[in-house]
Amino acid sequence: MQVENTHPRCFLGLLSCLFLAGLYVGSLYVWRSSSPRDHPSVIKRRCASVLLVSAVSPAVVKTWMHWADVKVDVSVWELMGLRMDGLVAASILPLLLTIVFYLGPLVHSAMDNPKGFTGEMQCALDVQSWRRCAGDAVWLRNQVVAPVTEELVFRGAMLPMLVPCTGPTGAIVTAPLFFGVAHFHHVIEERRLGKESMSVILLVAGMQFLYTTVFGAFTAFIFIRTGHVVGPVLCHSFCNSQGLPDISSALQHPQSSALLFLYLLGGLLFLVLLFPLTDQYFYGPIPICSLAPPPASVC
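Counting in our numbering, the sequence shown runs from 175 upward without gaps.
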C-alpha cells in the first residue's frame with residue numbers, strides 16, 4: 175500500500191466515517207411519524223433506510239480509496255469482510271467465543287426455566303417459535319437488520335478507512351466511538367415521548383453509549399482478526415437476543431454462589447480464548463491488514 179500523504183488520508187478517512195455515521199442515523203428520520211420506534215410501520219421504513227445506506231457503503235469506501243490514493247491487491251468487498259476464505263470458521267468461532275462469555279447468563283436462564291436445560295434447548299430448536307419470530311417486526315429489526323447493517327457500516331466500511339491512519343489497534347478503539355455516539359439519537363425520541371425526565375434519559379443514553387462502545391470494540395477486534403464481517407454480525411445478533419448479563423439478579427438467586435462462579439468462569443474463558451479462536455490460522459490472509467502501517471500487531 176502507498177504510504178505517502180498520511181495526514182490527508184487520515185482526514186479523508188475520519189470525514190468519510192462521520193459521513194457514513196450521519197447518513198445511517200439521518201436515514202432513520204427521513205420518515206415523519208408520530209408513532210413510537212417499535213411500531214411495525216416505523217420499523218419497516220427505518221429498516222428500508224438503513225439497508226439502503228448499507229448498500230451504498232461500499233461505494234463510500236471505494237470513493238475514499240480513490241481520493242486517498244489507496245492501492246491494494248484486494249477488492250473493496252474483501253476489505254469489508256465479504257469473502258469466502260475461512261468463512262466457515264468465521265461463522266462459528268467468534269460466536270462460540272461470545273457464547274462462552276455468556277456462560278453464566280445462559281446457565282442462569284436454564285436454571286430459571288421449569289424444564290431446565292432441556293426446556294431451553296427445546297425453545298431454541300422450536301420451529302414454530304422461529305416462525306413467529308420471523309413475523310415479528312421488532313425481532314427482525316433487533317436480530318437481523320440491525321446486526322447486518324450496523325456491522326457492515328460501522329465495522330465493514332469504517333475500519334478499512336481508519337486502519338491506514340490509526341493502525342489496527344487504534345481503529346479498534348476509534349471506530350466504536352462512532353457506533354456509540356450514533357446511539358445518542360434515541361434521546362430525541364425519548365424526549366419527544368416525554369415518558370422520562372431529561373436527566374433519566376441522558377443517564378440511560380450515557381450507559382448505552384458505554385456498553386455499545388465496548389461491544390463495538392469487541393466486534394471491531396473480531397473483524398480485524400478474522401477479516402470477516404459475518405462473525406461480528408452473528409455475535410451482534412446473539413448479544414441482542416441475550417441483553418446485558420444480569421449480575422444483580424444472579425446475586426439474589428438461591429444458587430448465587432454457583433452462578434457467580436459461572437459468570438466469572440465465562441469471563442475468564444473468554445479472555446483465555448480471545449486470541450486463539452481469532453488466530454489467522456483459521457481465516458487465511460486478512461485483507462484489511464494490507465492497509466495497516468507497520469507494526470500491525472493485532473493483525
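Glycine included, every Cβ here is placed at the ideal spot set by N, Cα and C.
Quick caveat: nothing in here was measured; it's all calculated off a predicted structure.
Contact under 7 Å by Cβ, residue i with residue j
i: P334; j: V472; result: no
i: T400; j: Y457; result: yes
i: A264; j: V407; result: no
i: V235; j: A331; result: yes
i: L391; j: P350; result: The sequence given here has Ala at residue 391, not Leu. Contact flag set, yes.
i: L465; j: V337; result: yes
i: F395; j: I346; result: yes
i: A356; j: V199; result: yes
i: S228; j: V327; result: yes
i: S223; j: S201; result: yes
i: F444; j: V274; result: yes
i: A242; j: R183; result: yes
i: G255; j: F397; result: yes
i: Y203; j: Q416; result: no
Whole-Å CB distance - residue i paired with residue j, under 8 Å assumed
i: W238; j: L186; result: 6 Å
i: P279; j: P419; result: 5 Å
i: F524; j: T323; result: There is simply no residue 524 to check, as the chain begins at 175 and stops at 473 in what is shown.
i: H282; j: L433; result: 5 Å
i: G260; j: H402; result: 7 Å
i: I421; j: Y437; result: 6 Å
i: M258; j: Q429; result: Going by Cβ atoms, the distance from M258 to Q429 rounds to 45 Å, so no, they are not a contact pair.
Minimum Cβ-Cβ distance from residue i to chain B less than 7 Å
i: W238; result: Absent from the structure: chain B. Only one protein chain is present.
Please confirm if the region 407-416 is in contact with the region 266-273, defined as three or more CB-CB distances below 8 Å between the two stretches. yes
Any chance the region 210-220 sits against the region 241-257, with 3 or more Cβ pairs inside 8 Å? no
Where are the alpha helix (DSSP H) runs, 4 residues long or more, that stay fully inside the region 428-464, in chain order? 430-447
Runs of 4 residues minimum, wholly inside the region 326-408: which ones carry the alpha helix (DSSP H) assignment? 332-356, 360-367 and 372-400
Length at least 4, wholly inside the region 258-322: the alpha helix (DSSP H) runs in chain order: 261-275, 277-286, 290-299, 301-308 and 311-314
Every unbroken alpha helix (DSSP H) within the region 183-269, with a cutoff of 4 residues, ordered by chain: 214-241 and 250-253
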